[in-house]
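Engineer: Residue numbers (the working numbering): 10 to 147. Beta carbons: idealized from backbone N, C-alpha and C, even for Gly. Would you mind keeping the following structure in view while I ask a few things?
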Amino acid sequence: MDADNSTTDASQLGIAGEYGHYVLQSQDDEGEEGMNDHDDSGIKENFREQDIYLPIANVARIMKNAVPTTGKIAKDAKECVQECVSEFISFITSEASERSTPLPAGIITADGQQQNVMVYTTSYQQVPSDQDWTGAGL
């Protein structure tokens, strides 16, 4: 690995536990289009799929726990849930980052994450149960 590659260790992001070994690293390959190459701030960063999504095996294992033993899960369903969960985690992290008190080096604490999850959960519980959450009405 080159010394000029920018990496962020999960422990620097305030992530503890079994997820502490994941590292986010930008990719400098010119021949491969990245998943995160939209130009919002004038900076173009390419990330590999494995850098922005949770491992599919972990997602599939959690999904299997919710399905009867004779049930099967389609590959498309696993990929869809993988993308949704990764986007949800990214959203919660960005909200925690925006609402966190200024700390040295932009540290996101577990308290900031917990507060945002609680706010989301409370607003989710207030929605009537008969409302369509499939997105078809959007």
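Leaving out five residues on either side along the sequence, give the residues of the same chain with a beta carbon under 6 angstroms from the beta carbon of residue 93.
Structural biologist: No residues qualify anywhere along the chain.
Engineer: By how many angstroms is the C-alpha of residue 129 removed from the C-alpha of residue 135?
Structural biologist: Going from the Cα of residue 135 to the Cα of residue 129 covers about 10 angstroms.
Engineer: Between the alpha carbons of residue 69 and residue 108, how many angstroms are there, rounded?
Structural biologist: Rounded to the nearest angstrom, the two C-alpha atoms are 32 angstroms apart.
Engineer: Among 95, 126, 82, 137, which residue has its Cα nearest to the Cα of residue 64?
Structural biologist: Selected option, being the one with the closest Cα: 95.
Engineer: Within 10 Å of its beta-carbon, does residue 67 have 16 or more other beta-carbons around it, so buried, or fewer, so exposed?
Structural biologist: Exposed, because fewer than 16 other Cβ atoms sit within 10 Å of the Cβ of residue 67.
Engineer: Evaluate residue 74 with the Cβ neighbour count: other Cβ atoms within 10 Å of its Cβ, from every protein chain shown; 16 or more gives buried, anything less gives exposed.
Structural biologist: By the neighbour-count rule (16 or more Cβ atoms within 10 Å), residue 74 is not buried but exposed.
Engineer: Who are the Cβ neighbours of residue 81 in its own chain at under 7 angstroms, not counting the five residues just before and after it?
Structural biologist: Nothing listed; no residue qualifies.
Engineer: What is the rounded straight-line gap between the Cα of residue 131 and the Cα of residue 100?
Structural biologist: In a straight line, the C-alpha of residue 131 is about 16 angstroms away from that of residue 100.
Engineer: Would you mind working out which of 72, 83, 91 sits nearest residue 60, comparing C-alpha positions?
Structural biologist: For residue 60, the nearest C-alpha among the options comes from 91.
Engineer: Which complete alpha helix (DSSP H) runs does the region 63-134 hold, if anything under 4 residues is left out?
Structural biologist: Fully enclosed alpha helix (DSSP H) runs of 4 or longer: 65-75, 84-108, 119-134.
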